[in-house]
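Engineer:
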Amino acid sequence: GISLGIGSLADKTIDPQSIQMIIQDLTKHFSTAFMTTVVGLPTANILRAAIALRHVRLQSVNNSAS
Numbered sequence: 005g006i007s008l009g010i011g012s013l014a015d016k017t018i019d020p021q022s023i024q025m026i027i028q029d030l031t032k033h034f035s036t037a038f039m040t041t042v043v044g045l046p047t048a049n050i051l052r053a054a055i056a057l058r059h060v061r062l063q064s065v066n067n068s069a070s
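So for the sequence shown, the working numbering puts the first residue at 5; every next one is plus one.
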């Protein structure tokens, strides 16, 4: 996300005519990085917790069946 936006600056000429498009492009990359962090990390943690709880529950069921 952010590194793509910064990396894209290397091959662009910054002048008054192109600055608006450059800002839009950087904003798009930042938006992707932001959403990945704000949505992706909590979602991954919730899924990880749910899987861990399911694993513990399956282990306890298997242990009580033995």
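Cβ atoms here follow ideal geometry from the backbone N, Cα and C, with glycine treated the same way.
Model, not experiment: these values are computed from the prediction.
Quick one: any contact between the segment 22–42 and the segment 57–68, if contact means 3 or more CB pairs under 8 Å?
Structural biologist: No, the segment 22–42 does not touch the segment 57–68.
Engineer: Let me know the secondary structure DSSP gives Asp29 once reduced to three states.
Structural biologist: Of the three classes helix, strand and coil, the one that applies to Asp29 here is helix, per DSSP.
Engineer: In the DSSP assignment, find the unbroken alpha helix (DSSP H) run with Ile55 in it and report its ends.
Structural biologist: Element bounds for Ile55: 45–69.
Engineer: Which value, in whole angstroms, describes the spacing of the CA atoms of Leu51 and Ile26?
Structural biologist: Their backbone Cα atoms lie some 36 Å apart in a straight line.
Engineer: In three-state terms, what does DSSP make of Gln24?
Structural biologist: Note: Gln24 maps to helix in three-state DSSP.
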